[in-house]
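Numbering (this note's numbering), first residue to last: 878 to 1002.
Here a beta-carbon is modelled for each residue, glycine too, at the ideal position from N, C-alpha and C.
Each remark here refers to the structure printed beneath this line.
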């Protein structure tokens, strides 16, 4: 007589549960780091945009022979910005401010330590 051998094809319930729990654990570790990296990238872009606005203000003031305290806006300095505008990353709005004062941005989302609707300025040197 011949005996048949039965091979189990597939995974047991325990193996599947362990795999799913490991994937869940890795996901809980990865998502907060991804969110933090995204916020840092947005903040870096906003600070870079503020530096570009400040540089454009200085160039406009030199060519227009304007001094400190003269009000500016984005239309005045658009010729001195690459592409004529600033690209937003977190639906922020930029305010140029007068010559001699730093520009700032306001966003509706929390970025780092900045709460929504809080002005974001360039760090002082």
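Whose C-alpha, out of the options, is nearest the C-alpha of residue i?
i, options, result
"residue 1029", "962, 946, 948, 939", "Look at the range of the chain in this structure, 878 to 1002, and you will see that residue 1029 is not part of it."
"residue 972", "998, 941, 911", "998"
"residue 978", "928, 942, 880, 957", "928"
"residue 915", "942, 890, 987, 882", "987"
What separation, rounded to the nearest whole angstrom, lies between the Cα atoms of residue i and residue j?
i, j, result
"residue 939", "residue 990", "35 angstroms"
"residue 994", "residue 901", "35 angstroms"
"residue 969", "residue 898", "39 angstroms"
"residue 886", "residue 895", "18 angstroms"
"residue 966", "residue 981", "15 angstroms"
"residue 1000", "residue 985", "20 angstroms"
"residue 1043", "residue 906", "Because the chain is modelled from 878 through 1002, residue 1043 falls outside the range shown and cannot be assessed."
Just to check my reading of the structure: residue i and residue j have Cβ atoms closer than 8 angstroms, yes? What is that Cβ distance to the nearest angstrom?
i, j, result
"residue 934", "residue 954", "6 angstroms"
Give me, in chain order, the residues of the same chain whose beta-carbon lies closer than 7 angstroms to that of residue i; leave out the 5 immediate sequence neighbours on both sides.
i, result
"residue 975", "946, 947, 948, 949"
Take residue i and list the residues in its own chain whose beta-carbon comes closer than 8 angstroms to its own, dropping the five residues that flank it on each side.
i, result
"residue 889", "none"
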